[in-house]
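There are 2 protein chains.
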Amino acid sequence: MAVVRAGLSPERLTLAGAELADEAGFDQVTLSALARRFGVKPASLYAHVKNSHELKTRIALFALEELADRVADAVAGRAGKDALTAFANAYRDYARAYPGRYEAARYRLDPQTAAASAGVRHAQMTRAILRGYDLAEPDQTHAVRMLGSVFHGYAALEAAGAFDHTDVAAQQSWAWTLDCLDTALRCRSTPLTGSPTPGSKGHRQ
Amino acid sequence: MAVVRAGLSPERLTLAGAELADEAGFDQVTLSALARRFGVKPASLYAHVKNSHELKTRIALFALEELADRVADAVAGRAGKDALTAFANAYRDYARAYPGRYEAARYRLDPQTAAASAGVRHAQMTRAILRGYDLAEPDQTHAVRMLGSVFHGYAALEAAGAFDHTDVAAQQSWAWTLDCLDTALRCRSTPLTGSPTPGSKGHRQ
DNA sequence: GCGTTTGCCTATAGGTTGTAGGCAGACCCA
DNA sequence: TGGGTCTGCCTACAACCTATAGGCAAACGC
Numbered sequence: 007m008a009v010v011r012a013g014l015s016p017e018r019l020t021l022a023g024a025e026l027a028d029e030a031g032f033d034q035v036t037l038s039a040l041a042r043r044f045g046v047k048p049a050s051l052y053a054h055v056k057n058s059h060e061l062k063t064r065i066a067l068f069a070l071e072e073l074a075d076r077v078a079d080a081v082a083g084r085a086g087k088d089a090l091t092a093f094a095n096a097y098r099d100y101a102r103a104y105p106g107r108y109e110a111a112r113y114r115l116d117p118q119t120a121a122a123s124a125g126v127r128h129a130q131m132t133r134a135i136l137r138g139y140d141l142a143e144p145d146q147t148h149a150v151r152m153l154g155s156v157f158h159g160y161a162a163l164e165a166a167g168a169f170d171h172t173d174v175a176a177q178q179s180w181a182w183t184l185d186c187l188d189t190a191l192r193c194r195s196t197p198l199t200g201s202p203t204p205g206s207k208g209h210r211q
Numbered sequence: 007m008a009v010v011r012a013g014l015s016p017e018r019l020t021l022a023g024a025e026l027a028d029e030a031g032f033d034q035v036t037l038s039a040l041a042r043r044f045g046v047k048p049a050s051l052y053a054h055v056k057n058s059h060e061l062k063t064r065i066a067l068f069a070l071e072e073l074a075d076r077v078a079d080a081v082a083g084r085a086g087k088d089a090l091t092a093f094a095n096a097y098r099d100y101a102r103a104y105p106g107r108y109e110a111a112r113y114r115l116d117p118q119t120a121a122a123s124a125g126v127r128h129a130q131m132t133r134a135i136l137r138g139y140d141l142a143e144p145d146q147t148h149a150v151r152m153l154g155s156v157f158h159g160y161a162a163l164e165a166a167g168a169f170d171h172t173d174v175a176a177q178q179s180w181a182w183t184l185d186c187l188d189t190a191l192r193c194r195s196t197p198l199t200g201s202p203t204p205g206s207k208g209h210r211q
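So the protein lines, in turn, are chains A and B. Per our numbering, the very first residue in the first sequence carries number 7; after that it's consecutive. Per our numbering, the very first residue in the second sequence carries number 7; after that it's consecutive.
Structure, rendered in structure tokens:
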């Protein structure tokens, strides 16, 4: 019987796990299922990943990185509302195209792992977007959190099917929401002179 | 040996499951763990709940109901921004006080179960809040989704510890966000007369 | 008191996690 | 080319969770 090695590696396991997550859900990502996918016994995987938690952590880090790359691509060369929209769409599109990976990206990481993850790039890019809105600290931090909440919340609710029961397209609500955020952020901008009137267009860049 | 019946019932199992979720996380809610909590064998629970999925569904429905009750209490007799803040705080406070139940409330329900759940009350109450902002359809639906996204997103990110790394209190960002939402919604209101505020592109679908 | 129902039990099977140790092909070097 | 080592996947096993089937005794109705 020709014994052919499966060619396992942490990277291949991570990628296959991400694919499995997209197909069956992140909670279905198990070492047994992954072993079946490679035509291998479960115990063999322990030579490449320490345990189930490490595998999931690797998938989470991979997804965070991939998402950050896409967002970075999307916002390159854009500013203001244009950048906000590009960022938001890249985010939502990823969550829709790769639901399992997106779910993985929300896997709880221990603090130091999180600090070394692409999660920090996400925060940095969000701050970059906000440069177009002239927000001083701590308002900028507040805005980072608000945007993160909206993006994640929308993706999560949409994925959960929460928008399926009403006959209004999720796409339209998304556009409306982004428009609303842009307006709100411009209202909050701190122009060098003049009164902060609602709807002031004092954002540079 | 005095045989004392444990007094199991679907309701007691649901409540105990909710408590277990708050203590150890919703993913740790297992029939075995629940059986241990009652000093009973796992198989005994199958006389009261069909399987693990049904138990989790019951906990989810319970949490949705409980959360809806709290929100209803909070918004009673309030309107406008006052109501918005009360709604939002009731929501966030619940997520912080009962993280496991809140997680359970996001458990994926099949469509008809969801339609019969307290989830519809949540949507109705959100619409009630928005009566103070004079939004015509489909803007009202858009706003319902945006608010839901922010509330859920903020609770989820906060629970995940996403706000722990920056030295700005989550409470302040929360207040800022609510203020921002109030402003944005007022900008979007459709007064009987007067010019649309800058930033609104007359999106009436 | 008798029969039925209720409530939890034991026994059992299958699936997933994780550890320990074995074996053979692949690789390195002389 | 041959010998030694390393690598990669294996079997075996123990523990835990889910789920089903069937048993037994207390509780209940009359």
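Backbone N, C-alpha and C fix where the C-beta goes; we use that ideal spot for every residue, glycine too.
Leaving out the 5 sequence neighbours to the left and right, which residues in its chain are closer than 8 Å to residue i when beta-carbon positions are compared?
| i | result |
| --- | --- |
| Ile65 (chain B) | Thr20, Gly23, Ala24, Ala27, Phe32, Val35, Arg107, Ala110, Tyr113 |
| Arg43 (chain A) | Ala22, Leu26 |
Could you tell me whether the Cβ of residue i comes closer than 8 Å to any Cβ of chain B?
| i | result |
| --- | --- |
| Asp88 (chain A) | no |
| Tyr139 (chain A) | no |
| Gly106 (chain A) | no |
| Thr132 (chain A) | no |
| Leu70 (chain A) | no |
| Gly154 (chain A) | yes |
| Phe169 (chain A) | yes |
| Tyr100 (chain A) | no |
| Leu21 (chain A) | no |
| Gln177 (chain A) | no |
Who are the Cβ neighbours of residue i in its own chain at under 7 Å, not counting the five residues just before and after it?
| i | result |
| --- | --- |
| Leu184 (chain A) | Leu90, Thr91, Ala94 |
| Pro16 (chain A) | His54, Val55, Arg64 |
With 8 Å as the threshold, decide whether the Cβ of residue i is near any Cβ in chain A.
| i | result |
| --- | --- |
| His59 (chain B) | no |
| Asp145 (chain B) | yes |
| Tyr52 (chain B) | no |
| Thr2 (chain B) | No information on residue 2 (chain B) is available, as it lies outside the stretch 7 to 211 that chain B covers here. |
| Ser123 (chain B) | no |
| Ser15 (chain B) | no |
| Ser201 (chain B) | Note that Ser201 (chain B) scores 39 on pLDDT, short of 50, meaning its location in the model is unreliable and no value can be drawn from it. |
| Gly159 (chain B) | yes |
| Ala111 (chain B) | no |
| Thr183 (chain B) | yes |
| Arg194 (chain B) | yes |
| Ala190 (chain B) | yes |
Apart from the five residues just before and just after residue i, which ones in its own chain have a Cβ nearer than 6 Å to its Cβ?
| i | result |
| --- | --- |
| Met131 (chain B) | Val77 |
| Leu67 (chain A) | Ser123 |
| Phe169 (chain A) | Ala176 |
How many whole angstroms separate the CB atoms of residue i and residue j, which I take to be in contact at a CB cut-off of 8 Å?
| i | j | result |
| --- | --- | --- |
| Arg98 (chain B) | Trp180 (chain B) | 7 Å |
| Leu153 (chain A) | His158 (chain B) | At roughly 14 Å, the Cβ-Cβ gap does not stay under 8 Å, so Leu153 (chain A) and His158 (chain B) are not in contact. |
| Ala161 (chain A) | Ala120 (chain A) | Contact doesn't hold; Cβ gap of about 19 Å is too wide. |
| Ser155 (chain B) | Val156 (chain A) | 5 Å |
| Thr147 (chain B) | Thr147 (chain A) | Going by Cβ atoms, the distance from Thr147 (chain B) to Thr147 (chain A) rounds to 31 Å, so no, they are not a contact pair. |
| Leu141 (chain A) | Ala149 (chain A) | 6 Å |
Closest to residue i by CA distance: which of the options is it?
| i | options | result |
| --- | --- | --- |
| Ala166 (chain B) | A:Arg151, A:His54, A:Ala39, A:Ala168 | A:Arg151 |
| Tyr104 (chain B) | B:Leu73, B:Ala124, B:Arg84, B:Asp116 | B:Leu73 |
| Ala96 (chain A) | A:Gly86, A:Lys87, A:Val81 | A:Val81 |
| Arg18 (chain B) | B:Leu40, B:Glu29, B:Ala30 | B:Leu40 |
| Lys87 (chain B) | B:Phe44, B:Asp188, B:Ser195 | B:Asp188 |
| Gln178 (chain B) | A:Cys186, A:Leu136, A:Asp170, A:Glu143 | A:Glu143 |
| Asn57 (chain A) | A:Val46, A:Ser38, A:His128 | A:Ser38 |
| Leu115 (chain A) | A:Ala30, A:Arg192, A:His59, A:Tyr52 | A:His59 |
| Glu71 (chain B) | B:Gly125, B:Tyr52, B:Asp79 | B:Gly125 |
| Val174 (chain A) | B:Cys193, B:Leu136, B:Asp145 | B:Asp145 |
| Leu136 (chain B) | B:Ala69, B:Cys193, B:Pro117 | B:Cys193 |
Specify, as a first and last residue, the run of the alpha helix (DSSP H) that residue i falls within.
| i | result |
| --- | --- |
| Asn95 (chain B) | 86-103 |
| His54 (chain A) | Element bounds for His54 (chain A): n/a, residue is neither H nor E. |
| Leu191 (chain B) | 176-194 |
| Glu17 (chain B) | 16-30 |
| Leu136 (chain A) | 125-136 |
| Leu37 (chain A) | 37-44 |
| Ala149 (chain B) | 145-165 |
| Ala142 (chain B) | Taken as a continuous stretch (DSSP letters only), Ala142 (chain B) belongs to no alpha helix (DSSP H), as it is neither H nor E. |
| Ala226 (chain B) | Beyond the ends of chain B as shown, which are 7 and 211, falls residue 226 (chain B); an answer cannot be given. |
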